[in-house]
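Here the structure comes first, spelled out in structure tokens, and everything after it is commentary.
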Amino acid sequence: MRRLVKRDTLINLLLLAAVAALAVLPLAMGAGEGREEPFAGADAQAEAAIGELAPHYKPWFASLYEPPSGEIESALFALQAAVGAGFLGYYFGVARTRNRLRHASAGAGTPLAGAANALAGAGNAPSGAGRDAAEPGAPAC
131 MRRLVKRDTL
141 INLLLLAAVA
151 ALAVLPLAMG
161 AGEGREEPFA
171 GADAQAEAAI
181 GELAPHYKPW
191 FASLYEPPSG
201 EIESALFALQ
211 AAVGAGFLGY
221 YFGVARTRNR
231 LRHASAGAGT
241 PLAGAANALA
251 GAGNAPSGAG
261 RDAAEPGAPA
271 C
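Have a look at this one:
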């Protein structure tokens, strides 16, 4: 079991290093030098290419909302990303909990199954059973 933990940790570290490399390598290689906006989005690059290839082209659709500045546009994009990440985190958390509870109810030997069985059996106990010693003299139902 200890070997699996080390293997999982190694995989996580390698994935983290790959993500860091993807973020740093374009900057280190100078992948945007000589441009006015070195890391402009694909939309801006497509608009520039269309302007060069077909200068008489008129867009048939306009944005519903045009942010007043680039900072507000970036903030709205970050908010959209945060809401999406929150939704995904919630979904995966619920799915994991459901999976654990499903496995716990299927096998009685797991620690979660013992707790689930104890909770499920507490409501079916006969009157007086399961009472704490701290409740002396409580009437029996």
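Residue numbers (our numbering): 131 to 271. Heads up, the beta-carbon is just placed ideally off N, CA and C, and yes, glycines get one too.
Residue i in three-state terms, based on DSSP
i	result
LYS136	helix
SER204	helix
PHE191	coil
HIS233	helix
PRO197	coil
ARG109	Residue coverage of the chain in this structure runs from 131 to 271, which leaves residue 109 outside it and unanswerable.
PRO185	coil
GLY219	helix
GLU163	coil
GLY171	coil
Cβ-Cβ separation, residue j to residue i (assumed contact under 8 Å), whole Å
i	j	result
PRO197	LEU206	6 Å
Residue i versus residue j: straight-line alpha-carbon distance, rounded
i	j	result
TYR187	GLY181	7 Å
ASP173	ALA192	13 Å
GLN175	ALA212	26 Å
ARG228	ALA234	10 Å
MET159	LEU231	49 Å
GLY171	TYR221	29 Å
GLY260	ARG226	Summary for GLY260: the model assigns pLDDT 49, below 50, so the residue's position carries little reliability; its value from the coordinates is reported in the next sentence. Rounded to whole angstroms, GLY260 to ARG226 spans 31 Å at the Cα level.
THR139	ALA153	21 Å
GLU163	LEU157	9 Å
Residue closest to residue i, alpha-carbon to alpha-carbon, out of the options
i	options	result
PRO189	GLY200, TYR195, GLU177	GLU177
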